[in-house]
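Student: Next up is a structure, given as structure tokens.
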Amino acid sequence: MMRIVGALTLVLLLAAPGHTLLAQQVRVIAPGMTEGQVRESWGEPIIVRQRGEFTYMFYENGCLKTCGMHDLVILQGGQVIDAVARASYHAYDGVSSSPRERVPEPTPPAPVTGP
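Written out as structure tokens, the structure reads:
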């Protein structure tokens, strides 16, 4: 009887809201957020690149080989303007330039032109 009570207690504890053993919490970013706010939500990026007024923050997503890229947050002038979120625990509350539902397709070669 004590084993059953102990097992039920463990199940209830694991199923409690906010417990991370069963499922990771989805972390959401939105257009207009600052780099600091993105870091608060998604954590520290693995790579950050800057070019002019653009900042590119790359995050692990657990599907690099199948997804083809890390999760990406793009900031312009210090504010989020786009994101590509493939990890189940990352979400973007804006219109992504590469939505999850988009099916990859090959780019056809350019036609040969010339004399």
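Everything in the sequence shown is counted per this note's numbering, starting at 2 for the first residue and increasing by one.
Yeah, the Cβ is synthetic: ideal placement off N, Cα and C, and Gly gets one too.
Report, in whole angstroms, the separation of the C-beta atoms of VAL29 and ASP94, which I expect to be a contact under 8 angstroms.
Tutor: 5 angstroms
Student: Compare the C-alpha of GLY37 against each of PRO116, GLN80, ALA86 and name the closest.
Tutor: GLN80
Student: What residue does the beta strand (DSSP E) around VAL104 start on, and which one ends it?
Tutor: Careful: VAL104 lies outside any beta strand (DSSP E) and carries neither H nor E.
Student: Got a sec, what are the start and stop residues for the beta strand (DSSP E) VAL74 sits in?
Tutor: 72-77
Student: Let me make sure I understand the geometry here. Which of GLU102, HIS91, PRO100 has the alpha-carbon closest to that of SER42?
Tutor: HIS91
Student: How far does the beta strand (DSSP E) with ARG28 in it reach, from first residue to last?
Tutor: Its beta strand (DSSP E) spans residues 28-30.
Student: Give the straight-line distance between the Cα atoms of VAL27 and GLY78, rounded to the nearest whole angstrom.
Tutor: 26 angstroms
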